[in-house]
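In what follows, a single structure is set out as structure tokens and then discussed.
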Amino acid sequence: MKTDSIFRVDKFAVPAQSRDAFMTRLRVTHKALGDADGCVQNLVLEQVSGTGEFNVVTIVEWRDNAAYETARQAAQQRQKENGFDPQSYFRELGIKADLGNYTPMLERT
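Going by our numbering, the residue at position 100 of the sequence shown is 155; the numbering climbs one at a time, nothing skipped.
Structure follows, in structure tokens:
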């Protein structure tokens, strides 16, 4: 079964002292994305075991690239209107981010 889904996968290394502030901001973003047209699923995951560097991961599945682009542009507009600069915010909180878009490599079975 072919899918046109686009997955936005963002990984964060969040210091313990920055967790609460980060989660407060993330909740707002999570709700806005979840309410957007074309959002298939919207997950926020916290690492509970393992040795990975990143302790918070968000995965948002978009119906297709057009839905992703519409949501991305709306998010950037909200950030601009609110004077929010994600890179500065991450620096202030000591957060390392690895952000990217992915497509399925194998069909679902």
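We put the CB at the ideal spot given by N, CA and C, even for glycine.
- Contact between residue 153 and residue 66 holds: their C-beta atoms lie close to 4 Å from each other, under 8 Å.
- DSSP lists no bridge partner for residue 106.
- About 33 Å separates the beta carbons of residue 75 and residue 118, which is beyond the 8 Å limit, so they are not a contact pair.
- Collapsing the DSSP output to three states places residue 161 in coil.
- Beta-bridge partners assigned by DSSP to residue 124: none are found.
- Our two residues, residue 106 and residue 137, have alpha carbons roughly 36 Å apart in a direct line.
- Closest option to residue 93, judged by alpha-carbon separation, among 124, 133, 149: 124.
- In the DSSP annotation of this structure, the continuous segment of the alpha helix (DSSP H) that includes residue 145 starts and ends at 141 to 148.
- Cβ atoms of residue 64 and residue 155 come within 8 Å of each other, at about 6 Å.
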